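Take a look at the structure below.
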């Protein structure tokens, strides 16, 4: 399976505890600037490395949580944002374990972020503290014990963060035909496929199924002589594709496939029906978990979904867009509904933490594909193949 959403492992702690030296030792490269004076690291610094038994991971170096300089509050904010986005937090302290370290641990526990402690500079100060409910690794960048550190990472990093993703394994059997409808319009990338299409093709090859790739304009003639097990389409082509695919053939979209693998599928199923209860002036949050150029009238999140929802409901709806993994607004309760993209560029944990914040604020949830299907009157049809099965 093609994977670009690598597990994120963050290095956190106070200033001058050796976080940057630790990450340089771990990667074997001068990734982060090291200096004796505190506050050297400003914005989070990322580096991709390969860990045997896990695969590629993204290591994130962060600014100190006790930075009281003129820019310190901004640096700490960026660090806290990074904490909410990692699959594993490595909490570093040296010499003294204090209230900053305790608060950091409590934050990880509250946000359900896996973590362990590294007692750095152990050559200068022996470990003299026991932290209840946490594992501690002694470490010195002067004589780094990398095998022990890597073993701790393997132990604490959830397997779900790096194990092979599955899309259609419980839906499709070897030898069955699956049609993938992939429109080529102004929003399609020149000369390549988008990631959900690539991952779905690879998943079908792994299953041993037959992947038939067609443009929407070719689908009608192909269906005259073939009866596939399943049709998966780009959600933007739902209206046309659903009109020509016979009712007895299962139909869904790439976005809905990913909502099952990456999001809270049951919450999406329930929340989508909130569309019928929207009123004039209601605000809706569009969550794009990637960054891309939006200089096109075909943009699905910013243009097509808002236009279709306004048409379907007949209401004057207001839409805000959240890009990539930007923080959820503090006044999140003002939203009646949040619409999450498929999430192909981020990890499942990153999406679930964002969705959890929204759910706790009472915001209904849905997904790009489900929202489009609902407004096209085919929601029950395109989710039927999954409703009797357990989400991943």
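In this note's numbering, the protein residues as written are -16 to 375. Glycine residues also receive a C-beta, built at the ideal position from the N, C-alpha and C atoms. Keep in mind the model is a prediction, meaning the values are calculated, not measured.
- When Cβ pairs closer than 8 Å are counted between the two stretches, the region 89 to 109 is seen not to touch the region 26 to 45, the count staying below three.
- In this chain, the beta strand (DSSP E) harbouring residue 322 covers 318 to 323.
- Contact holds between the region 66 to 73 and the region 326 to 336, because three or more Cβ pairs, one in each stretch, are under 8 Å apart.
- Around residue 184, the same chain offers 194 as residues with beta carbons nearer than 6 Å, after the five sequence neighbours per side are excluded.
- Within the DSSP secondary-structure output, residue 194 pairs in a beta bridge with 161.
- Under the three-state reduction of DSSP output, residue 299 falls in the coil class, being neither helix nor strand.
- Ranked by Cα distance from residue 94, the options 303, 219 and 72 are led by 72.
- By the Cβ-count criterion, residue 263 is exposed, with fewer than 16 other Cβ atoms from all chains shown falling within 10 Å of its own Cβ.
- Residue 39: member of the beta strand (DSSP E) spanning 38 to 44, first to last residue.
- A distance below 6 Å between beta-carbons, with the five flanking residues on each side excluded, links residue 303 to the following residues of its chain, in chain order: 268.
- At a Cβ-Cβ threshold of 8 Å, residue 346 and residue 316 count as neighbours.
- Fewer than three beta-carbon pairs drawn from the region 320 to 328 and the region 203 to 211 are found closer than 8 Å, and the two stretches are therefore not classed as touching.
- The criterion of a C-beta distance shorter than 8 Å is satisfied by residue 255 and residue 362.
- Considering only 133, 214 and 187, the residue with the shortest C-alpha distance to residue 151 is 187.
- Within the model, the alpha-carbon separation for residue 295 versus residue 156 is close to 37 Å.
- Remark: C-beta atoms of residue 132 and residue 120 approach each other more closely than 8 Å.
- At the C-beta level, residue 298 and residue 261 come within 8 Å of one another.
- Counting other Cβ atoms within 10 Å of its Cβ, residue 138 stays below 16 and is therefore classed as exposed.
- Membership of residue 352 in the alpha helix (DSSP H) is indicated by the continuous run 351 to 358.
- Going by DSSP, residue 30 is part of the beta strand (DSSP E) stretching over 28 to 34.
- In terms of Cβ geometry, residue 140 and residue -10 form a close pair [threshold 8 Å].
- In the three-state reduction of the DSSP assignment, residue -2 falls in the coil class.
- The residue from 300, 292, 321 and 293 with its alpha-carbon nearest to that of residue 306 is 321.
- The continuous stretches of beta strand (DSSP E) do not include residue 212, and DSSP gives it neither H nor E.
- Nearest to residue 190 by alpha-carbon distance, out of 134, 92, 143 and 158, is 158.
- Ranked by Cα distance from residue 44, the first of -5, 91 and 265 is -5.
- Between residue 11 and residue 75 a beta carbon distance of about 18 Å is seen, past the 8 Å cut, so the two are scored as non-contacting.
- Counting the other CB atoms within 10 Å of its CB gives residue 229 a total below 16, which places it among the exposed residues.
- In the DSSP assignment, residue 86 falls within the unbroken alpha helix (DSSP H) covering 82 to 93.
- Taking C-alpha positions only, residue 84 is separated from residue 59 by approximately 14 Å.
- 103 is the residue among 153, 252, 81 and 103 whose C-alpha sits nearest the C-alpha of residue 6.
- By the beta-carbon neighbour count (other beta carbons within 10 angstroms, threshold 16), residue 42 is buried.
- Here residue 359 is near residue 222, since their CB atoms are less than 8 Å apart.
- Distance from the Cα of residue 9 is smallest, within the candidate group 127, 82 and 61, for 127.
- Membership of residue 332 in the alpha helix (DSSP H) is indicated by the continuous run 331 to 343.
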